[in-house]
Amino acid sequence: IFPLAEEWQQKMQDDPFVQTICGEGFLGLLVELRIIILQDVVFLKQLEPSHEMFDHEIFKSSEFLSFAEEL
């Protein structure tokens with residue numbers, strides 16, 4: 373989830389013309405929310421396994437399935 377967040381954080385650090393407090397805060401929020409969203413999705417999938425959201429490839433990946441098993 374949000375695969376380019378760290379890349380954009382680095383771009384903001386490297387280029388002072390791209391740096392903004394809002395941008396840095398937003399990207400930091402995305403990185404923090406990544407784990408929370410994935411944790412919540414594991415339990416949502418148990419409640420509604422046939423929801424179309426779970427057809428997305430990220431929720432079928434081996435990484436997500438391993439993460440879900442650990443919870």
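Heads up: the sequence shown begins at 373 in the working numbering, then just goes up one per residue.
Quick reminder that beta carbons are idealized off the backbone N, C-alpha and C, glycines included.
Nearest to Glu404 by alpha-carbon distance, out of Glu424, Ile373, Phe439, is Ile373.
Of Glu379, Gln381, Phe439, the smallest CA-CA separation from Gln411 is found for Phe439. Straight-line measurement puts the Cα of Gln385 at about 21 angstroms from the Cα of Arg406.
Between the alpha carbons of Asp427 and Asp387 lies a distance of about 38 angstroms. DSSP places Met384 inside the alpha helix (DSSP H), whose first and last residues are 377–386.
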